[in-house]
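Novice:
2 protein chains.
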Amino acid sequence: MSEIAPVADATARARLLDAVRFDARGLVPVVAQQHDTGEVLMLAWMNRAALAETLATGRVTYYSRSRDALWRKGETSGQVQRLVDLRLDCDGDALLALVDQQGVACHTGRRSCFSWALREGAVRSVAEPLVDPKTLYDR
Amino acid sequence: MSEIAPVADATARARLLDAVRFDARGLVPVVAQQHDTGEVLMLAWMNRAALAETLATGRVTYYSRSRDALWRKGETSGQVQRLVDLRLDCDGDALLALVDQQGVACHTGRRSCFSWALREGAVRSVAEPLVDPKTLYDR
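Protein sequence lines correspond, in order, to chains A and B.
Heads up: the first sequence begins at 1 in full-length UniProt numbering, then just goes up one per residue.
Heads up: the second sequence begins at 1 in full-length UniProt numbering, then just goes up one per residue.
1) Please look up how many angstroms separate the CB atoms of residue 51(A) and residue 20(A), rounded, as I've assumed it's under 8 Å.
2) Could you say which of 82(B), 134(B), 107(B) lies nearest to residue 36(B) if we only look at CA atoms?
3) From the DSSP output, which residues share a beta bridge with residue 55(A)?
4) Please state whether the Cβ-Cβ distance between residue 101(B) and residue 17(B) is less than 8 Å.
5) Taking only three categories from DSSP, how would you classify residue 1(B)?
6) Where do the ends of the alpha helix (DSSP H) carrying residue 18(A) lie?
7) If the cut is a Cβ gap below 7 Å, which residues of chain A does residue 149(B) touch?
8) Is it true that the CB of residue 97(B) sits closer than 8 Å to the CB of residue 115(B)?
9) Assuming residue 122(B) and residue 48(A) form a contact by the criterion Cβ under 8 Å, report the distance between their Cβ atoms to the nearest whole angstrom.
10) Pull out every residue of the stretch 17–50 of chain B whose Cβ sits closer than 8 Å to any Cβ of chain A, in chain order.
11) Could you please give the first and the last residue of the uninterrupted beta strand (DSSP E) stretch that includes residue 29(B)?
12) Do residue 29(A) and residue 29(B) count as a contact pair if the criterion is CB distance below 8 Å?
13) Residue 140(A) lies in the alpha helix (DSSP H); which residues open and close that run?
14) Report yes if the C-beta of residue 112(A) is less than 7 Å from at least one heavy atom of the ligand FAD; otherwise report no.
15) Would you call the CB atoms of residue 39(A) and residue 112(A) closer than 8 Å?
16) Give a yes or no on whether the minimum CB-CB distance between residue 136(A) and chain B is below 8 Å.
17) Using the Cα positions of residue 56(B) and residue 43(A), report the straight-line distance between them to the nearest angstrom.
18) Please name the residue in 65(A), 90(A), 12(A), 129(A) whose C-alpha comes closest to that of residue 106(A).
19) Counting along the chain, where does the beta strand (DSSP E) carrying residue 101(A) start and finish?
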């Protein structure tokens, strides 16, 4: 796996941006996967500005639908995602970000946001928090 | 990892369905990951009916936005996904399906749909087709 980020070449960044098919809201879903372990950490959204910033800085920036603003992952919590590589799918309407996740990805203190599943007939947490979420945001 | 699927208990299926936050269109994004290798295969969508069928049958069924119909993965191509486990994320608005992918996931004949990336300044395929896509659909 080659480390592409940050992408210094503005022309290359523009080519990638133009290959993405953003939806009617101007968004594209992004799957974040830890580049070496393969763990799927989270699914979030980017608009064109978030993707452009991610490519230019090598730090993953999403678009927060609830806050209607760029969301620089880890800006508040310190749980930064460094971009290692970025994959487009076959029709360009979904992205896979291979990242190096600092600490935990989930606001609950769990490593991955995908930590709930059906167990013994009920939806239960299948991974314990690694850190107290209060320590992520009370800084 | 426990094999949960198919889920025989209708009450358990209903609990899982009720824990999912479908969007305004009634859809939820689903990341499909090969359960043993960790490879991210594709991102697609489910509505409530697709998820209910997936849980009841143990074979992954998506919702095709272009065809506005249930999409039983592999029905045409034979490239079936058997459900091994299903994870919900922390706010219930994204799913991670751990699957056993028969053959390739991508309609281009590639193992994963996420097979394009920036290389030498251009968006290029980073994985070759394992099968001729014609053989997937000319059956």
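Note that CB positions come from ideal geometry on N, CA and C, so glycine has one too.
Specialist: On the basis of the coordinates in this document:
1) Locating residue 51(A) in the first sequence gives position 51, counting from the first residue. Locating residue 20(A) in the first sequence gives position 20, counting from the first residue. Sure, about 7 Å apart at Cβ, within 8 Å.
2) Within the second sequence, the letter at position 36 stands for residue 36(B). Checked all of 82(B), 134(B), 107(B); the closest Cα to residue 36(B) is 82(B).
3) Indexing the first sequence from 1 puts residue 55(A) at position 55. None, per the DSSP bridge assignment.
4) Along the second sequence, one-based indexing puts residue 101(B) at 101. Along the second sequence, one-based indexing puts residue 17(B) at 17. No, these two residues do not count as a Cβ contact at 8 Å.
5) Looking up residue 1(B) in the second sequence gives position 1. Its pLDDT being 41, under 50, residue 1(B) is placed unreliably in this model, and the value from its coordinates should be taken loosely. In this structure, residue 1(B) counts as coil in the three-state DSSP scheme.
6) Counting from one through the first sequence, the residue named residue 18(A) turns up at place 18. Segment 10–19, the alpha helix (DSSP H) holding residue 18(A).
7) Nothing can be reported for residue 149(B), as the shown portion of chain B is limited to 1 through 139.
8) Within the second sequence, numbered from 1, the residue matching residue 115(B) stands at position 115. Within the second sequence, numbered from 1, the residue matching residue 97(B) stands at position 97. Against a cut-off of 8 Å, the Cβ pair of residue 97(B) and residue 115(B) comes out as no contact.
9) Residue numbering aside, residue 122(B) sits at position 122 when the second sequence is read from its first letter. Residue numbering aside, residue 48(A) sits at position 48 when the first sequence is read from its first letter. About 19 Å; that fails the 8 Å criterion.
10) 19, 29, 31, 33, 37, 38, 39, 40, 42, 43
11) For the purposes of this step, residue 29(B) is identified with residue 29 of the second sequence, where counting begins at 1. Here the beta strand (DSSP E) through residue 29(B) covers 28–34.
12) The count along the second sequence starts at 1 and reaches residue 29(B) at position 29. The count along the first sequence starts at 1 and reaches residue 29(A) at position 29. Cβ distance < 8 Å, so residue 29(B) and residue 29(A) count as in contact.
13) A question about residue 140(A) goes unanswered here, because the residues of chain A that appear run from 1 up to 139.
14) The ligand FAD is not part of this structure, which contains no ligands at all.
15) Taking the first residue of the first sequence as 1, we reach residue 39(A) at position 39. Taking the first residue of the first sequence as 1, we reach residue 112(A) at position 112. Against a cut-off of 8 Å, the Cβ pair of residue 112(A) and residue 39(A) comes out as a contact.
16) One-based indexing of the first sequence puts residue 136(A) at position 136. Chain B, which has no Cβ nearer than 8 Å to the Cβ of residue 136(A), makes this no.
17) Within the second sequence, residue 56(B) is the residue found at index 56, counting from 1. Within the first sequence, residue 43(A) is the residue found at index 43, counting from 1. Going from the Cα of residue 56(B) to the Cα of residue 43(A) covers about 25 Å.
18) For this step, residue 106(A) is matched to residue 106 along the first sequence. Here the closest residue by C-alpha is 129(A).
19) Taking the first sequence and counting its residues from 1, the one referred to as residue 101(A) is at position 101. 95–101 is the extent of the beta strand (DSSP E) around residue 101(A).
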